[in-house]
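Enquirer: Below is one structure. I have some questions about it.
Protein chains: 2
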Amino acid sequence: MVTSAERGDASSRRRPTIDDVARLAGVGRGTVSRVINGGHNVRPAVRDAVNQAIDILGYSVNQSARNLARGRTGSIAYIISDRGDRLFEDPNFGLFARTFSRQLRGSGRHLLITTAEDEEEENSLGDYLAFGHVDGALLGLTRDHEPLLQRLQASRLPFVVLGKPLGFENALSWVAIDDEKAAFTVVSYLAGKVDGAIGTVTGPLHTSSGRERLDGCRLALGDRFRPDLVASGDWSLRSGREGTELLLRREPGLRGLFVASDLMAAGAIGALRAAGRRVPEDVAVVGFDDSAAATMVDPALTTMRNPIEQTALEALRILDERIAGDAGAPVRLVLSSELVKRSSA
Amino acid sequence: MVTSAERGDASSRRRPTIDDVARLAGVGRGTVSRVINGGHNVRPAVRDAVNQAIDILGYSVNQSARNLARGRTGSIAYIISDRGDRLFEDPNFGLFARTFSRQLRGSGRHLLITTAEDEEEENSLGDYLAFGHVDGALLGLTRDHEPLLQRLQASRLPFVVLGKPLGFENALSWVAIDDEKAAFTVVSYLAGKVDGAIGTVTGPLHTSSGRERLDGCRLALGDRFRPDLVASGDWSLRSGREGTELLLRREPGLRGLFVASDLMAAGAIGALRAAGRRVPEDVAVVGFDDSAAATMVDPALTTMRNPIEQTALEALRILDERIAGDAGAPVRLVLSSELVKRSSA
DNA sequence: CTGAAAGCGCTAACAA
DNA sequence: TTGTTAGCGCTTTCAG
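First to last, the sequence lines map onto chains X and D.
Heads up: the first sequence begins at 1 in our numbering, then just goes up one per residue.
Heads up: the second sequence begins at 1001 in our numbering, then just goes up one per residue.
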């Protein structure tokens, strides 16, 4: 039962609109609109009056109405191509998502988190995006995605790639860390620590990260680089363990190990220990990412910390430029990582 | 049927609207609206015609317009009270977020992920929620939150708590796993595996999970329960290590250990190993959560897997009921966990 | 069952 | 610099 008292209560408590503000401030609706959209071309005195009315009423803009009027959706898609269940264990992903969400919330927008696990999902996702359900997209790619990229390119949807899109480097806008330089840094550190054989467990070599981290390692090692001490992994713990077992078989006297991700490094340390090696006394190990795994494993990993937040912010900034219509030539941005010394090397 | 003019209209740049569909199907706008909202009270023949027009035009609803007309925002808040940076490392959180997102997307809605790290954030969050920016909220609480809960209760915002809200059990709607029963299960398993002293490292005892997991442990151990072999932790790796060191000092002959979270269990195993104990030969260990840590640690943990997805789905269902209808009595739901046997016990 | 029409709250173009 | 007005696309009465 709704009593008249409750009804009255409810209607008097309804959210104030732009008209309420205009009435209270004694101005027209358009003026209020101008004030809440930057306050340009409004006399200071009037602007103050409007702002005061806004405060008194506790007014805040109705995003649905604004989006409807502007012809925007108010949401941005964050697309990840990794397997969905693995995705939330990736600390980088989490930090990306968190940074995007927080930043978008500041402008009353939403983040739509989506996976594209297989080709079918990619197709329906392409439909969704092309359909105008979002204002733009941020792509976190972990494998090659020519179909989706091409589809997106053909559509009018503004988007920015997180990481270097192999094969599309010059055609698209992207923000990435300098994997090669970062790998160079950490491997140089490792090489300075130990004498003797140094091996590496790489990421998937069809990704730019996997490839460039290997390049950086090769560069840092110079003459000491041993092509036979390269095992390829797939970012998984298991592949880190198996890759290390392989290297140990090839070179029992292994002294140093660069593992291209912390999670794989956790697997590597397990394998090393199982083989009776002490870390770092017998084999020094360095990882990459500075993820949760880095401190969960014993000994804690020496690794590279990537500027994820900065990457996220820059990507969003570039995306917003393109949404606003400043879309000129593609924009590319490369950021640097930082060495974190712990006990594993 | 379809004139070229109509076709031309439809295939023009802009997204088709409900009016385009109505014109093509030769019906009124209201009828189309009825069809896309369930198709009730529409003659089958007409409904088919409308659906056909929708297909031809590739029409899909504009959420902003719908929300504006319905007086809804189209978004649901997921509030977590944990420290923000820790939060994305919690696998439960990730699965919750993913399940919510996916489910909401099905109904054209969004998930707003927010933290409430301290009291200040909680207050501004309270403002935000009370302001009508979201249609409802899902609360993942990790500590006591009387202020926020009371504030929310006072507002008209529908919400559901994930986990048991201590002190508000009867006043609010919530969905939780049966911590006591789950702890009972895994500790019974442990007790069947080893003879001799069994200890436990608990979660924070001011949370319902921490408390109930201890209760379940006590129940399962019966006469074998030793009050002196209870160390209290705070879910952190470190507290797992320190708690275990304490227990080892009190009972060097410790044979079994129930650690109330996998992350703490990882710390426990580190401490055990440092003290020269083998796991599980000398000390058998069981964890709780089946989180990423469970398989990252060596040996892999025997632990309890919680029905996170089901919890998420049920919570959302209950929330939607409350958003749709006038909230009746609070709804409570308790779900069960499952034992996962690995090598640590 | 169906169509017409009145908004939902806001932006932006156009006058003034 | 301002106020006025015409939509944005949809839902929801209200007649018929």
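Note that CB positions come from ideal geometry on N, CA and C, so glycine has one too.
#1: Determine the burial state of residue 372 (chain X): buried for a count of at least 16 other Cβ atoms within 10 Å of its Cβ, exposed for fewer.
#2: Beta carbon of residue 1220 (chain D), beta carbon of residue 1335 (chain D): below 9 angstroms?
#3: When you compare only the Cα positions, how much space is there between residue 1056 (chain D) and residue 152 (chain X)?
#4: Which of the three DSSP states, helix, strand or coil, is assigned to residue 18 (chain X)?
#5: Grouping DSSP H, G and I as helix and E and B as strand, with all else coil, what is residue 1106 (chain D)?
#6: DSSP beta-bridge partners for residue 332 (chain X)?
#7: Going by DSSP, which residues form a beta bridge with residue 289 (chain X)?
#8: Just tell me which of X:178, X:168, X:164 and X:128 has its CA closest to the CA of residue 157 (chain X).
#9: Over the uninterrupted alpha helix (DSSP H) stretch that includes residue 1189 (chain D), give me the two end residues.
#10: What residues from chain X crowd round residue 1067 (chain D), counting only those whose CB sits closer than 8 angstroms?
#11: Quick one: grab the DSSP three-state call for residue 59 (chain X).
#12: For a contact defined as C-beta to C-beta under 8 angstroms, what are the partners of residue 73 (chain X) on chain D?
#13: Kindly say whether residue 114 (chain X), judged by its beta-carbon, lies nearer than 9 angstroms to any beta-carbon of chain D.
#14: Of all the options D:1037, D:1313, D:1213 and D:1311, which has the alpha carbon lying nearest to the alpha carbon of residue 1051 (chain D)?
#15: Would you please verify whether the beta carbon of residue 237 (chain X) is less than 9 angstroms from any beta carbon of chain D?
#16: For residue 1322 (chain D), return the contacting residues in chain X, with the cut-off set at a CB-CB distance below 8 angstroms.
#17: I want to verify the contact list: residues of chain D whose CB lies under 7 angstroms from the CB of residue 298 (chain X), in sequence order.
#18: May I ask you to list the residues that DSSP assigns as paired with residue 346 (chain X)?
#19: Hey, is residue 1263 (chain D)'s beta-carbon within less than 9 angstroms of any beta-carbon in chain X?
#20: Can a CB atom of chain X be found closer than 9 angstroms to the CB of residue 1010 (chain D)?
#21: With H, G and I counted as helix, E and B as strand and the rest as coil, what does DSSP make of residue 1100 (chain D)?
#22: Pick from D:1275, D:1111 and D:1259: whose alpha carbon is nearest that of residue 1249 (chain D)?
#23: Quick one: grab the DSSP three-state call for residue 93 (chain X).
#24: Check the Cβ of residue 294 (chain X) against every Cβ in chain D and list those closer than 9 angstroms, keeping chain order.
#25: For residue 314 (chain X), which option in X:100, X:17, X:94 and X:92 has the closest C-alpha, if you only look at C-alpha atoms?
#26: Can you find the residues in the same chain that come closer than 7 angstroms, C-beta to C-beta, to residue 19 (chain X), ignoring five residues on each side of it along the sequence?
#27: Throw me the rounded Cβ distance for the residue 1341 (chain D) and residue 1302 (chain D) pair, which I believe falls under 8 angstroms.
#28: How about residue 1101 (chain D): is its C-beta nearer than 9 angstroms to some C-beta of chain X?
#29: Alpha carbon to alpha carbon, how far is residue 79 (chain X) from residue 289 (chain X)?
#30: Taking just the CA atoms, how far does residue 1095 (chain D) sit from residue 1317 (chain D)?
#31: Can you give me the Cβ contacts of residue 1021 (chain D) inside the same chain, cut-off strictly under 8 angstroms, excluding the 5 residues immediately before and after it?
#32: Rounded to the nearest angstrom, what separates residue 1166 (chain D) and residue 26 (chain X) at their Cα positions?
#33: Return the CA-CA distance between residue 163 (chain X) and residue 1194 (chain D), expressed in angstroms with no decimal places.
#34: Just list the residues that DSSP pairs residue 198 (chain X) with in beta bridges.
#35: Go ahead and pull the three-state DSSP assignment for residue 1035 (chain D).
#36: Of all the CB atoms in chain X, is at least one closer than 9 angstroms to the CB of residue 1136 (chain D)?
Expert: Quick answer:
#1: Outside the shown range of chain X, which is 1 to 345, sits residue 372 (chain X), and nothing can be said about it.
#2: no
#3: 22 angstroms
#4: In this structure, residue 18 (chain X) counts as helix in the three-state DSSP scheme.
#5: helix
#6: X:174
#7: X:305
#8: X:128
#9: 1179-1193
#10: For residue 1067 (chain D), the chain X residues whose C-beta falls within less than 8 angstroms of its own C-beta are 64, listed in chain order.
#11: In the three-state DSSP reduction, residue 59 (chain X) falls in the coil class, being neither helix nor strand.
#12: 1063 and 1064
#13: yes
#14: D:1037
#15: yes
#16: Near residue 1322 (chain D) there are no residues of chain X at all, since even the closest Cβ is about 17 angstroms away, more than 8 angstroms.
#17: Result: 1270.
#18: This structure cannot settle anything about residue 346 (chain X), because the visible part of chain X is limited to 1 through 345.
#19: yes
#20: Confidence is the limiting factor: at residue 1010 (chain D) the pLDDT is only 35, short of 50, which leaves the residue's position unreliable, though a coordinate-based value still follows. Chain X, which has no Cβ nearer than 9 angstroms to the Cβ of residue 1010 (chain D), makes this no.
#21: helix
#22: D:1275
#23: helix
#24: Neighbours of residue 294 (chain X) on chain D: none; closest Cβ ~11 angstroms, over 9 angstroms.
#25: Nearest of X:100, X:17, X:94 and X:92 to residue 314 (chain X), Cα basis: X:100.
#26: 29
#27: 5 angstroms
#28: yes
#29: 20 angstroms
#30: 17 angstroms
#31: Hits under 8 angstroms: 1032, 1050, 1053, 1054, 1057 and 1059.
#32: 50 angstroms
#33: Near 50 angstroms, if we compare the C-alpha coordinates of residue 1194 (chain D) and residue 163 (chain X).
#34: The beta-bridge partner set that DSSP reports for residue 198 (chain X) consists of X:256.
#35: helix
#36: no
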